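Reading through the structure tokens given below for one structure.
Numbering (UniProt numbering), first residue to last: 1 to 600.
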């Protein structure tokens with residue numbers, strides 16, 4: 001009624017206000033007349049010709065039955081950044097976190113997790129600041145760094161980050177292949193040998209994932225939702241299994257439940273480290289675990305597909321870091337509290353009576369003699385999280401969900417980053433991969449390139465060898481992201497006005513420094529190779545000087561340096577050796593006027 005009245009009021013605006021009110025009464029029903037008259041009187045006081053506001057556009061004025069009573073699954077996916085959580089959860093959580101806990105102990109494992117979270121949280125704050133500083137298009141981290149620091153820094157990091165995502169896809173694919181191989185060997189199915197079986201399964205898996213990406217983002221998003229639900233069910237299954245009293249069969253493989261007195265009162269307990277292997281130490285465990293925290297960029301990498309990236313990136317990334325960190329800490333503490341380091345799986349090794357003479361190891365206090373395993377350190381029995389859970393094969397489903405979702409997410413991210421880099425034409429001969437197809441401009445050529453890179457890394461078929469390399473590339477990317485935020489803040493560029501204020505330039509600088517330090521502590525030779533590649537690419541861009549003007553913070557830094565140098569010269573006295581003769585050759589008669597403008 002109010003809308004109709006407003007329309008007719010506009011048409012007959014030269015008439016009196018009483019005519020407008022009467023005409024509205026004729027249009028409205030008897031139940032709405034009183035409210036309509038009041039609204040029109042309120043608007044007619046100012047003789048306005050604007051339409052009356054449409055109340056259905058305001059959520060607070062809608063009837064209760066027209067609002068949703070609970071969030072939908074799509075709302076859950078957008079609010080908690082399900083994609084980011086799926087990329088963070090992955091192969092390391094299921095296949096390596098329990099092993100890291102056995103090596104480092106509960107205390108140092110929690111330290112490793114929290115140190116990783118410090119790096120990723122500081123980087124997430126820097127990402128949020130950069131993402132809310134302006135429009136963020138497809139290209140993710142590369143787009144933000146290149147538009148902040150310029151093509152000199154953005155170009156190299158774009159290549160490195162795209163390579164890191166392609167290698168991360170290979171990491172999670174290898175993890176999935178390891179589980180499939182073990183299941184096949186459990187039922188007596190062997191194709192070639194353990195190593196080549198992983199390679200064959202990995203190549204087949206990444207090929208299937210490539211086919212899913214070619215179906216479009218809609219199918220990829222639906223697949224991610226199924227993976228998320230499967231992962232939640234498997235995680236709940238694991239937590240339930242930790243409180244179920246262990247049977248004799250489970251005790252034989254080292255699972256005793258929550259028995260803190262026996263676990264933590266007698267050495268050697270699982271609170272502290274017990275390094276095994278010549279190369280295993282704190283920083284090697286750190287390097288192997290760190291890829292488990294690197295999925296924070298998944299939302300940024302596909303920011304071109306987000307409806308509101310300025311809001312979704314900060315909220316979703318920080319919430320994803322919180323929930324995944326909590327899950328890592330829970331798994332580390334529960335596995336260290338319920339499982340001993342060594343077990344034979346032989347039920348005949350149970351102790352009779354209280355005779356523990358000659359028994360070595362924590363299991364002696366729990367009624368089992370695993371001395372041979374403790375001394376030889378050769379007893380290996382199954383997947384710890386699967387054995388500890390309520391139902392073994394639900395954990396297998398969770399591993400498939402975690403590894404395939406992460407591999408799929410990285411396989412989607414890498415081509416989009418590389419496509420954005422190719423479109424900018426900073427480097428020659430790569431514009432071929434920038435071509436997009438379909439309504440979503442899908443980079444199919446870049447997909448094929450990333451698929452080939454992932455396949456090459458899959459052929460390594462060693463999870464412990466691939467993980468440190470990926471950690472190195474991601475740390476390099478995080479260092480550049482944090483430095484971008486710090487540099488943009490310290491130069492006081494007029495274009496640096498992020499709407500996200502919960503960041504600190506000094507925290508960003510700390511994040512950049514600690515990332516570089518960890519690169520060398522993890523794998524020093526890989527850090528040298530990565531930095532050499534970046535320096536070479538940086539030198540090429542500086543030499544080639546692409547004609548790109550993005551208003552970067554480097555330009556603001558150049559202006560500040562020039563201004564500071566000019567101001568500093570005002571306090572320097574003239575000297576015959578450095579005084580420039582202010583003489584104009586072409587217009588000598590104008591020199592006096594220009595030098596003395598007040599007297600001219």
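The C-beta atom is built at its ideal place from N, Cα and C for all residues, glycine as well.
Since the model is a prediction, treat every value here as computed from it, not as a measurement.
Leaving out five residues before and five after residue i in sequence, what residues of the same chain have Cβ atoms less than 7 Å from its Cβ?
| i | result |
| --- | --- |
| residue 332 | 97, 101, 106, 109, 110, 113 |
| residue 426 | 151, 155, 541, 546 |
| residue 481 | 123, 126, 127, 141, 145 |
| residue 431 | 422, 425 |
| residue 117 | 293, 321, 325 |
| residue 50 | Reliability of the predicted coordinates at residue 50 is poor, the pLDDT of 46 falling under 50, and the value obtained from them is presented with this limitation in mind. Within the same chain, residue 50 has no close Cβ partners at all. |
| residue 223 | 212, 408 |
Determine the extent of the alpha helix (DSSP H) in which residue i is found, giving its start and end residues.
| i | result |
| --- | --- |
| residue 487 | 463 to 490 |
| residue 629 | Residue 629 falls outside the range modelled here, since the chain spans only 1 to 600, and no answer is possible. |
| residue 202 | 194 to 214 |
| residue 387 | 384 to 388 |
| residue 398 | 392 to 424 |
| residue 98 | 97 to 131 |
| residue 359 | First-last for residue 359: undefined, no H or E at that position. |
| residue 532 | 524 to 544 |
| residue 84 | 82 to 88 |
| residue 460 | Residue 460 -> no alpha helix (DSSP H), and no H or E assigned at all. |
| residue 293 | Counting along the chain, residue 293 falls outside any alpha helix (DSSP H), and DSSP gives it neither H nor E. |
| residue 497 | No alpha helix (DSSP H) holds residue 497; DSSP gives it neither H nor E. |
| residue 297 | Segment: none, residue 297 is in no alpha helix (DSSP H) and carries neither H nor E. |
| residue 285 | 282 to 289 |
I'd like to confirm the pairing. Which residues does DSSP put opposite residue i in its beta bridges?
| i | result |
| --- | --- |
| residue 442 | 437 |
| residue 368 | 350 |
| residue 606 | Residue 606 is absent from the structure shown; the chain starts at 1 and stops at 600. |
Does the beta-carbon of residue i have 16 or more other beta-carbons within 10 angstroms, so that it is buried, or is it exposed?
| i | result |
| --- | --- |
| residue 103 | buried |
| residue 539 | exposed |
| residue 358 | exposed |
| residue 2 | Reliability fails at residue 2, whose pLDDT of 44 lies under 50, so the model's placement of it is uncertain and the value that follows must be treated cautiously. With 16 or more other Cβ atoms within 10 Å, it is buried. |
| residue 85 | buried |
| residue 440 | exposed |
| residue 254 | buried |
| residue 506 | exposed |
| residue 149 | buried |
| residue 535 | exposed |
| residue 502 | exposed |
| residue 486 | buried |
| residue 561 | exposed |
| residue 433 | buried |
| residue 132 | buried |
| residue 498 | buried |
Tell me, please, whether the CB atom of residue i is closer than 7 Å to any CB atom in chain D?
| i | result |
| --- | --- |
| residue 532 | In the displayed structure, chain D is absent; only one protein chain is listed. |
Go through its chain and collect everything with a Cβ distance to residue i's Cβ below 6 Å, but skip five positions before and after it.
| i | result |
| --- | --- |
| residue 454 | 166, 169, 170, 206 |
| residue 478 | 123, 515 |
| residue 557 | 491 |
| residue 193 | none |
| residue 519 | 472, 475, 527 |
| residue 511 | 122, 123, 482 |
| residue 239 | none |
| residue 290 | 116, 471 |
| residue 392 | 386 |
| residue 286 | 112 |
Ignore the nearest five residues each way along the sequence and tell me which others in residue i's own chain have a CB closer than 8 Å to its CB.
| i | result |
| --- | --- |
| residue 274 | 102, 103, 105, 268, 341 |
| residue 349 | 252, 368, 369, 370 |
| residue 394 | 233, 234, 237 |
| residue 245 | 257 |
| residue 76 | Only weak support is given to the placement of residue 76: the predicted model assigns it a pLDDT of 43, under 50, and the value that follows is read from those uncertain coordinates. Answer for residue 76: 82, listed in chain order. |
| residue 347 | 248, 249, 252 |
Inter-stretch contact at 8 Å, needing at least 3 Cβ pairs: the segment 409 to 418 / the segment 445 to 453 = The segment 409 to 418 makes contact with the segment 445 to 453, as at least three CB pairs between them are under 8 Å.
Kindly confirm or deny that the segment 166 to 173 and the segment 203 to 213 touch, where touching means at least three C-beta pairs closer than 8 Å.
-> Yes: the two stretches touch, three or more of their Cβ pairs being nearer than 8 Å.
Between the segment 524 to 537 and the segment 332 to 348, do at least 3 Cβ pairs fall closer than 8 Å?
-> The segment 524 to 537, when compared against the segment 332 to 348, does not touch it at the 8 Å Cβ threshold.
Do three or more CB pairs link the segment 453 to 472 to the segment 192 to 204 at distances below 8 Å?
-> Output reads yes: the segment 192 to 204 touches the segment 453 to 472.
Sufficient close CB pairs (3 or more, under 8 Å) joining the segment 395 to 404 to the segment 222 to 231 | With a cut-off of 8 Å, the segment 222 to 231 and the segment 395 to 404 count as touching, because enough Cβ pairs lie within range.
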